[in-house]
Amino acid sequence: MRGAHVSRLLPIAVLLALFVTVLSNRAAAEEEATPEIVAPAGMTAPDDDGSAPESPFSGPVVVEDVIFPEGLTFRREELFRWMRLHPKSWGHESRFTMSDWRADLGRLEQFYRQEGFDAAEVTGLVEEERPGRVVLRVGIEEGPRWEWIQSRLVVNPARSGLRDSLRVLVPNPGEPARWRLLPMLREEMVARLAEWGRHDAEVEFLVRRDEADRRAEIKVVVHAGPLVRAEGLRIDGVDKTRRDVVRRELLVRDGDPLRLSELRRSEERLRNLGIFSDVKVGIAPYSHRHGFRAVHVRVEEAPGGRLASGFGYGSIDRLHLGASIEQANFHGRAIRLAVGMVVGQERRMLEAGAFLPWVLHRRVGLRLSTTYEKVFPSRYEIERERGEVALVREIEEVWKLELGFLAERARVLSSKADRDDKPVRIGQLGVALSKDTRDRLLGPTRGRYVRFSHDWVSPLFGSSEDFTRIEFQVRGYHPLGAGVLGQARALVGVLRSHESGNEIPLSERFFAGGTEDLRGFPGDGIGPQDDSGEPEGGRILFLGGVEAEHRVWRSVGIAGFVDIGQLENRQEDLRLSRLSVGAGAGLRWRSRLGYARADIGFPLTDRFAGPPRFHFSTGTTFF
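Using the working numbering, you'd call the opening residue of the sequence shown number 1302 and step up by one each time.
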């Protein structure tokens, strides 16, 4: 009888023993995978079950510093990318919790393993520097690192162009085996294949590892698939806009390979029309014909009519008010019409214009504008009526070629002589070439803008004057690190009369100095002057400047700058000894009302020098 009971209990005992064994192995594995955390004296250590109190201290604790061992493979900044707890810095404090500390150590160990350090061990120590402040010490034993000893690339079907494009992405023998980069490598290869019109491509990695020597071989097998071509067009989201406006901006036609770069450029061209708030250009997921897909365009139309108003103030042009009304999608053809005005203490302007993005069934824009402007600073008064017509041709996505004709009538009233100068008629034919790689037009953070223009003013075009104007300008933007944005600019302008002895009208000369170009000097304050010390303008202009801006809080930043410039009438006067240099610092504020800046500039050269000058400008862009 007893033996029968034993036989019945035996299976239950075996199951219990197996259950205890599984739990023990699982606990041992978790203990091995969890980074070790050492608690200092007076600090509560994690519980045996792996849980940890959020704050083992009586009050809130701030991380004062995080210390890593010397001689690690990775820099301190790279390791901080995987941590939530950072050392105290200006304007930032990390509150210490045990859960965040444990998670940070776990992420660091995972990062090391994905970088090829399979045997890496990460430990942590918390030291209380003073009440409310702790120092975190991270211990890292990297161990040996995996290394690629052989790599192969197989592309099916074999195409030399595809193979050359993908070969640069394959790891080379002798490089570390960074496991975490393999998914990103696959995405990059698939994207490059899409650039070639291979949208059904697949990438496979075959890895053979030698555990003893920590070496590995990789074979990359690429199934490129068929070349996908365009067939059909699907447009969603258009209501007021004509469908042919969308169709003409696309760079892909039926039968063309669906290259990803062409789709992106088409998307950018649609966005630059200014009539859509959102644009997506892609390919349909399926098709009835093998190797063909339809182009899918999805847009959201923006309101065509816009009414804007604003104000501004500058240390040169003083207070000014402005308003504009615009129709950006007239008759659904992306034709832009605008009328605007500015009324200020030293300037009045009324402007009307139109822009047609397509002329004669070609991607050539036509710009028409007419302007009335009156400028009346304390020294002189200029009144202008101007009309302009220009053809604009975009070359690729960053180059732009302009050919235009301008007719202007100007009247200059000098404050020194109480009489009207004779009216000046300007007939001007001009050509300009520009390249714009800035990431955005308002507040760019990287890229360059370069423009060269050549204008001919001649009696052949109905002008009373005869001269040539040449200008070259460049602006560059580049982040310098640590939240600092570097900016640089240069401008060179030359006015050359076609007949010796002819004067250039005052309304057409170059002026320099002040808020916009040479801070630290008065407005229009450098260059040739008359007997009474009033600026007369010049024929040869050079301006340059560098600026570093650092955003310290949200939309507020500080900046330091150096400006240089020279304005002369004769080439022989261009000497370093006559160069004007100003330097200073200022504040920047980007708000909903516009961009405001306040600078104080100090002249560093004696010529045209005076006391330090304060420059201030704010307001919105009206046109």
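Each residue gets a CB set at the ideal place from its N, CA and C atoms; glycine is no exception.
**Asked** Does the stretch 1509–1528 come close enough to the stretch 1445–1461 to have 3 or more Cβ pairs within less than 8 Å?
**Response** With a cut-off of 8 Å on Cβ pairs, the stretch 1509–1528 is in contact with the stretch 1445–1461, counting three or more such pairs.
**Request:** Following the continuous beta strand (DSSP E) through A1419, name the residue where it begins and the one where it ends.
**Result:** This sequence places Asp at residue 1419; Ala is not what is there. No beta strand (DSSP E) holds D1419; DSSP gives it neither H nor E.
**Asked** Would you call the stretch 1743–1753 and the stretch 1814–1824 touching, i.e. three or more CB-CB distances under 8 Å?
**Response** Contact between the stretch 1743–1753 and the stretch 1814–1824 is not established, with fewer than three Cβ pairs separated by less than 8 Å.
**Prompt:** In terms of alpha-carbon separation, which member of D1537, S1588, R1776, A1653 lies closest to V1600?
**Reply:** Comparing Cα-Cα distances from V1600 to each of D1537, S1588, R1776, A1653, the minimum goes to D1537.
**Item:** C-alpha gap between H1662 and R1549, whole angstroms
**Value:** The C-alpha of R1549 is placed about 9 Å away from the C-alpha of H1662.
**Request:** Taking the CB atoms as reference points, tell me whether L1622 and V1640 lie closer together than 8 Å.
**Result:** The beta carbons of L1622 and V1640 sit no closer together than 8 Å.
**Request:** Note down the Cα distance separating P1388 from G1444, rounded to an integer number of angstroms.
**Result:** Using only the alpha carbons, I get a separation of about 27 Å.
**Request:** Would you tell me roughly how many angstroms separate the C-alpha atoms of G1861 and T1746, rounded to the nearest one?
**Result:** Taking the straight line from one Cα to the other gives about 16 Å.
**Prompt:** If we ignore side chains and look at the alpha-carbon of each, how far apart do F1631 and K1701 end up?
**Reply:** Rounded to the nearest angstrom, the two C-alpha atoms are 24 Å apart.
**Message:** Tell me the rounded alpha-carbon separation between P1558 and V1529.
**Reply:** Distance from the CA atom of P1558 to the CA atom of V1529, rounded to whole angstroms, is 6 Å.
**Asked** Excluding sequence positions up to five away, which residues of its chain have a Cβ less than 6 Å from the Cβ of A1629?
**Response** Excluding residues within five positions, the ones whose Cβ falls inside 6 Å are G1575, I1576, G1605, R1637.
**Asked** By Cβ distance below 8 Å, which residues in the same chain neighbour P1527 in space, the five residues on each side in sequence not counted?
**Response** Counting only Cβ-Cβ distances below 8 Å, and skipping sequence neighbours, we find R1499, D1501, H1591, G1592.
**Asked** Rounded C-beta distance between E1800 and I1841? I'm assuming under 8 Å.
**Response** Contact between E1800 and I1841 is ruled out by a C-beta separation of about 18 Å, above the 8 Å threshold.
**Limits of the alpha helix (DSSP H) - the one that S1578 falls within** = Unbroken run through S1578 is the beta strand (DSSP E), 1577–1584; no alpha helix (DSSP H).
**Prompt:** Looking at T1816 and S1918, is the spacing between their C-beta atoms short of 8 Å?
**Reply:** The beta carbons of S1918 and T1816 sit closer together than 8 Å.
**Message:** Tell me which residues share the same chain as I1827 and place their Cβ nearer than 7 Å to its Cβ, disregarding the 5 neighbours each side in the sequence.
**Reply:** Answer for I1827: A1813, G1814, L1819, G1866, L1868, S1881, F1909, listed in chain order.
**Prompt:** Under a Cβ-count criterion, where at least 16 other Cβ atoms within 10 Å of its own Cβ denotes burial, should E1809 be classed as buried or exposed?
**Reply:** Taking a 10 Å sphere around the C-beta of E1809, we find 16 or more other C-beta atoms and assign the residue as buried.
**Prompt:** Is E1772 near the ligand SAM, judged by its Cβ being under 7 Å from some heavy atom?
**Reply:** As presented, the structure is devoid of all ligands, the ligand SAM included, so that no description of it is given.
**Request:** Count the other C-beta atoms from every protein chain shown that fall within 10 angstroms of the C-beta of A1330, then say buried if there are 16 or more, exposed otherwise.
**Result:** With a pLDDT of 43 at A1330, under the threshold of 50, the modelled position of this residue cannot be trusted; read the value that follows with caution. Around the beta carbon of A1330, fewer than 16 other beta carbons sit within 10 angstroms, so the residue counts as exposed.
**Message:** Tell me which residue opens and which closes the alpha helix (DSSP H) that V1598 is part of.
**Reply:** Run containing V1598: none in the alpha helix (DSSP H); it sits in the beta strand (DSSP E), 1593–1602.
**Asked** What are the uninterrupted segments assigned as alpha helix (DSSP H) that are 4 or more residues long and contained completely in the stretch 1497–1555, given in chain order?
**Response** Listed in chain order, the complete alpha helix (DSSP H) runs (minimum 4 residues) inside the stretch 1497–1555 are 1544–1550.
**Asked** Looking at the unbroken beta strand (DSSP E) that takes in S1452, where does it start and where does it end?
**Response** It spans 1448–1457 - the beta strand (DSSP E) in which S1452 sits, taken as one unbroken run.
**Asked** Does the separation of the CB atoms of V1598 and V1665 fall below 8 Å?
**Response** Cβ distance not < 8 Å, so V1598 and V1665 don't count as in contact.
**Asked** At which residue ranges does the stretch 1852–1891 contain complete alpha helix (DSSP H) runs of 4 or more residues, listed in the order of the chain?
**Response** Runs of alpha helix (DSSP H) with 4 or more residues, each lying fully within the stretch 1852–1891, are absent.
**Asked** Roughly how many angstroms lie between the CA atoms of V1580 and E1697, to the nearest whole one?
**Response** Straight-line Cα distance between these residues: approximately 19 Å.
**Asked** By DSSP, does S1918 sit in helix, in strand, or in coil?
**Response** The answer is strand: DSSP assigns S1918 an E or B state.
**Item:** For L1467 and R1493, the rounded distance between their alpha carbons
**Value:** Approximately 8 Å, taken between the alpha carbons.
**Message:** Excluding the 5 residues flanking E1448 on each side, which residues of the same chain have their C-beta closer than 8 Å to its C-beta?
**Reply:** Apart from sequence neighbours up to five positions away, the residues of its chain that approach E1448 with a beta-carbon distance below 8 Å are G1417, G1475, E1476, P1477, A1478, R1515, R1516, A1517, ordered along the chain.
**Request:** In angstroms with no decimal places, state the Cα-to-Cα distance between V1863 and V1508.
**Result:** When the Cα atoms are used, V1863 and V1508 turn out to be separated by approximately 56 Å.
**Host alpha helix (DSSP H) of E1378 (start-end)** = Its alpha helix (DSSP H) spans residues 1377–1381.
**Item:** Simplified DSSP state of Q1830, which is helix, strand or coil
**Value:** Residue state, collapsed to three classes: strand.
**Request:** Return helix, strand or coil for P1912, following the three-state DSSP convention.
**Result:** Reduced to three states, the DSSP call for P1912 is coil.
**Prompt:** Can you pull the DSSP bridge partners for S1390?
**Reply:** Note: S1390 sits in a beta bridge opposite H1393.
**Prompt:** So the alpha helix (DSSP H) L1561 belongs to, where does it begin and stop?
**Reply:** Run containing L1561: 1561–1573, per the alpha helix (DSSP H) assignment.
**Prompt:** Roughly how many angstroms separate the alpha carbons of G1858 and R1739, rounded to a whole number?
**Reply:** Using only the alpha carbons, I get a separation of about 21 Å.
**Among R1876, A1495, L1844, I1901, nearest to A1886 - alpha-carbon criterion** = Ranking R1876, A1495, L1844, I1901 by CA distance to the CA of A1886 puts I1901 first.
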